[in-house]
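**Q** So for the sequence shown, the working numbering puts the first residue at 3; every next one is plus one.
Positions of the beta carbon are idealized from the N, C-alpha and C atoms, including for glycine.
Take a look at this one; I'll ask things after.
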Amino acid sequence: MSSFVHLHVHTDFSLLDGAASISQLVERAKELDMRSLAITDHGNMFGVIHFQQACIANGIKPIIGCEFYVAGASRFEKSGTEQGNKYYHLVLLAKNEIGYRNLMVLSSKAYLEGMYYKPRIDEELLEAYSEGLICLSACIAGELPQLLLNGQTKDAEAFVERYAKLFGKDHFYIELQDHGIAEQRKVAPLLIDIAKKHDIPMVVTNDVHYTRKENHVAHDILLCVGTKKLQKDVNRMRFDTEEFYLKSEEEMARLFPSHPEMIANTEKIAAMCNLDIPQYSVTELPDCLPVYEIPQGFTDEKAFFNHLVYSGLEKRYGKISDEIKQKADHEISVITSMGFIGYFLIVWDFINWAKENDIPVGPGRGSGAGSIVAYAMTITDIDPIRFNLIFERFLNPERISMPDFDIDICFERRQEVIEYLRNKYGEEQVGQIITFGKMKAKAVVKDVGRVLDIPLSDV
């Protein structure tokens, strides 16, 4: 069993930079007999749930982290070009749930408050959200190695003292790497000296960006795709060597043979990280939906819900036939028993508000169009009786899952609806879910052809 743990690892959620899928990394770590593995994507937490699931399925302990961009001054300072806008890298790992929550806060604030070319945090945020975190000083792009390379020894020592105090000496590590790059080898003895002088533990990492050594070519092409450059361009972003892969313990031990504690400390850090992100099924979820405020004249949400449904049926159909009533009663029974009345009221409310404010809303898509209750409440505009649609595809007591209406709202005014929800239910009750665009085979072939400067007609 390997006693080395990779603590600085980028997956393909380091978008257009990481060239290793989570499944590839986890499978390779298992082949190398590694007990633990970290995820530290650039500035985001996109892959952590998938990563945790993959690790657990393969008997590997997941360590959740992030490589943040730290603004040279304030995260609110936004001026200059990308090249002239100074920011540094910093790796943070979650020890526990408090640390995980702080990672999420830092990542969110980086995008919401510090976005300027990159999502950035600053030391003010680190001071506020350092609990439960282990800090690594990061790669050659970290502030500490940059200060040392620039001869700013006093500033480097001040940095070490500041971060040791901020995270605690047991939770701040000076990170060393050796990919055969001249700058790394120049700064390594300086990092070792400053670590010894201030009694700061050291750790070795490999800044993993792809799984196996032979993947470096694909990674280089990916960088060209992301930066819109040709592979033959001289002045472009590139990794100078082929060493940024998931190395074995033996390979890592050869990097700093006179400092075996750098290897041992990776396992020590892994032992400190004991986070199990809760995974809930719908039946186990806490009551997390915001509460819809029932108008006066109704005793409870069920009474108001029934009123909306039956008055809506009369408007839709005029005379309510036995077939319509039977279908509506069945749906109401299922919705009530599964505890989703509040969900329907929330959706009805914002769609109703959008329509009252002349914001175009689509007729409905997906399985939600099979609900006569949704049709009666004008959540959808597709008659499930006429088109013989099945409600159970949307909501089924035998297959418990959250209902999910696919609602199309005018792109130009969609933000108004989101603001309405935030104002009504509070900022903390409204979230937006990212959608990742994936590169399909045809598009990949075209992009690779462009990067290799092959005429499109020949691709």
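Just grab the DSSP bridge partners of P292 for me.
**A** Locating residue 292 in the sequence shown gives position 290, where the first residue counts as 1. Answer is none; P292 lacks a bridge partner.
**Q** Helix, strand or coil: how does DSSP classify F407 here?
**A** As a position in the sequence shown, residue 407 is number 405, starting the count at 1. Note: F407 maps to coil in three-state DSSP.
**Q** Using 9 Å as the threshold, is the C-beta distance between G144 and H91 below it?
**A** Mapped onto the sequence shown, residue 144 falls at position 142. Mapped onto the sequence shown, residue 91 falls at position 89. In contact: G144 and H91 (Cβ atoms closer than 9 Å).
**Q** Quick one: measure Cβ to Cβ for L27 and V227, integer angstroms, because I've assumed they're closer than 8 Å.
**A** If you number the sequence shown from 1, residue 27 lands on position 25. If you number the sequence shown from 1, residue 227 lands on position 225. Actually they are not in contact, since the Cβ atoms of L27 and V227 sit about 20 Å apart, beyond 8 Å.
**Q** K442 to D449, Cα distance in whole Å?
**A** Residue numbering aside, residue 442 sits at position 440 when the sequence shown is read from its first letter. Residue numbering aside, residue 449 sits at position 447 when the sequence shown is read from its first letter. Their Cα atoms are separated by approximately 11 Å.
**Q** Can you check DSSP and say which residues form a bridge with A445?
**A** Reading the sequence shown from its first residue, position 443 is the one you call residue 445. For A445, which the question treats as bridged, DSSP gives no partner whatsoever.
**Q** For the 8 Å Cβ check, are there 3 or more pairs between the region 121-133 and the region 176-184?
**A** Segments in contact, no.
**Q** If contacts are defined as beta-carbon pairs under 8 Å, then L9 and V205 qualify, I think. What distance do you get, rounded to the angstrom?
**A** Position 7 of the sequence shown holds residue 9. Position 203 of the sequence shown holds residue 205. Rounded, the Cβ-Cβ distance is 7 Å, consistent with contact.
**Q** Could you tell me whether the region 358-367 touches the region 302-322, using the rule of 3 or more Cβ pairs below 8 Å?
**A** Touching, no.
**Q** Over what stretch of residues does the alpha helix (DSSP H) that includes C57 continue unbroken?
**A** Locating residue 57 in the sequence shown gives position 55, where the first residue counts as 1. Element bounds for C57: 50-59.
**Q** Find the nearest neighbour of D43 within the set I65, D302, P191, judged by alpha-carbon distance.
**A** As a working note, residue 43 is residue 41 in the sequence shown. Checked all of I65, D302, P191; the closest Cα to D43 is I65.
**Q** Given 8 Å as the limit, is there contact between the region 247-258 and the region 190-210, that is, 3 or more CB pairs closer than that?
**A** Contact holds: three or more Cβ-Cβ distances are below 8 Å.
**Q** Can you tell me which of R318, A356, S25 puts its alpha carbon nearest to the alpha carbon of E414?
**A** On the sequence shown, residue 414 is found 412 positions in, with the first residue counted as 1. Checked all of R318, A356, S25; the closest Cα to E414 is A356.
**Q** Measure the Cβ-Cβ separation of K188 and L151 and say whether it is below 9 Å.
**A** The count along the sequence shown starts at 1 and reaches residue 188 at position 186. The count along the sequence shown starts at 1 and reaches residue 151 at position 149. Contact flag set, yes.
**Q** Per DSSP, what kind of secondary structure is T207 in: helix, strand or coil?
**A** Counting from 1 along the sequence shown, the entry for residue 207 is found at position 205. Looking at T207 - three-state DSSP - the assignment turns out to be coil, as it is neither helix nor strand.
**Q** If I follow the unbroken beta strand (DSSP E) through D43, where does it start and stop?
**A** Locating residue 43 in the sequence shown gives position 41, where the first residue counts as 1. Start and end: 38-44.
**Q** Just list the beta strand (DSSP E) runs in the region 142-211, keeping only unbroken ones of 3 residues or longer that don't cross its boundaries, in chain order.
**A** Runs of the beta strand (DSSP E) inside the region 142-211: 174-178, 204-206.
**Q** To which residues does DSSP link R367 through a beta bridge?
**A** Here residue 367 is taken as the residue at index 365 of the sequence shown, counted from 1. DSSP output for R367 lists D408 as bridge partner(s).
**Q** Please check the pair I374 and E430, which I expect to be a contact at CB under 8 Å, by giving their CB distance rounded to whole angstroms.
**A** To locate residue 374, count along the sequence shown from 1; it is residue 372. To locate residue 430, count along the sequence shown from 1; it is residue 428. 34 Å between Cβ atoms; not a contact.
**Q** By the DSSP assignment, the alpha helix (DSSP H) with L224 in it spans what residues?
**A** Position 222 of the sequence shown, counting from 1, holds the residue named residue 224. Its alpha helix (DSSP H) spans residues 218-229.
**Q** Taking 9 Å as the cut-off, decide whether the C-beta atoms of K88 and G74 are in contact.
**A** On the sequence shown, position 86 is the one that residue 88 refers to. On the sequence shown, position 72 is the one that residue 74 refers to. Closer than 9 Å, so yes.
**Q** What are the boundary residues of the beta strand (DSSP E) that includes F352?
**A** Against the sequence shown, residue 352 aligns to sequence position 350. From DSSP, F352 is part of no beta strand (DSSP E) but of the alpha helix (DSSP H) over 343-358.
**Q** Following the continuous beta strand (DSSP E) through I66, name the residue where it begins and the one where it ends.
**A** Stepping through the sequence shown from its first residue, residue 66 is reached at position 64. 63-73 is the span of the beta strand (DSSP E), which, as asked, contains I66.
**Q** Can you tell me whether Y113 is buried or exposed? The criterion is at least 16 other CB atoms within 10 Å of its CB, across all chains shown.
**A** Here residue 113 is taken as the residue at index 111 of the sequence shown, counted from 1. Exposed.
**Q** Should L168 and L128 be called a contact, given that it needs their Cβ atoms to be closer than 9 Å?
**A** Translated into positions along the sequence shown, residue 168 becomes position 166. Translated into positions along the sequence shown, residue 128 becomes position 126. Yes, the pair counts as a contact, with Cβ atoms nearer than the cut-off.
**Q** Just how far apart, CA to CA, sit S4 and Q417?
**A** Position 2 of the sequence shown, counting from 1, holds the residue named residue 4. Position 415 of the sequence shown, counting from 1, holds the residue named residue 417. Those two C-alpha atoms are separated by around 50 Å.
**Q** If you reduce the DSSP assignment to three classes, tell me which class V107 lands in.
**A** As a working note, residue 107 is residue 105 in the sequence shown. V107 falls in the helix class under three-state DSSP.
**Q** In terms of residue numbering, what span does the alpha helix (DSSP H) encompassing H332 cover?
**A** As a first step, residue 332 is located in the sequence shown; it is residue number 330 there, counting from the start. It spans 324-339 - the alpha helix (DSSP H) in which H332 sits, taken as one unbroken run.
**Q** So G366 and D383 are supposed to be a Cβ contact under 8 Å. How far apart are they, rounded?
**A** Here the question's residue 366 lines up with position 364 in the sequence shown. Here the question's residue 383 lines up with position 381 in the sequence shown. Going by Cβ atoms, the distance from G366 to D383 rounds to 6 Å, so yes, they are a contact pair.
**Q** Roughly how many whole angstroms lie between the Cα atoms of L291 and R401?
**A** In the sequence shown, counting from the first residue as 1, residue 291 sits at position 289. In the sequence shown, counting from the first residue as 1, residue 401 sits at position 399. Computed Cα separation, rounded: 20 Å.
**Q** If you drop the 5 nearest sequence neighbours on each side, which residues of the same chain put their C-beta closer than 8 Å to that of V447?
**A** In the sequence shown, the residue the question calls residue 447 occupies position 445. The answer, listed in chain order, is V461.
**Q** Please name the residue in F161, G299, V219, E163 whose C-alpha comes closest to that of A20.
**A** Mapped onto the sequence shown, residue 20 falls at position 18. The sequence shown places Gly at residue 20, not Ala. Of the candidates F161, G299, V219, E163, the one whose C-alpha sits nearest the C-alpha of G20 is V219.
**Q** In the region 365-400, which residue ranges form an unbroken alpha helix (DSSP H) of at least 4 residues, counting only runs that do not cross its ends?
**A** Here the runs fully enclosed are 374-378.
**Q** Flag this pair as yes or no: are the beta carbons of E99 and L315 separated by less than 9 Å?
**A** By one-based count along the sequence shown, residue 99 stands at place 97. By one-based count along the sequence shown, residue 315 stands at place 313. Contact: no.
**Q** In or out: Y119 buried (at least 16 other Cβ within 10 Å) or exposed?
**A** As a position in the sequence shown, residue 119 is number 117, starting the count at 1. Counting Cβ neighbours within 10 Å, Y119 comes out exposed, since fewer than 16 surround it.
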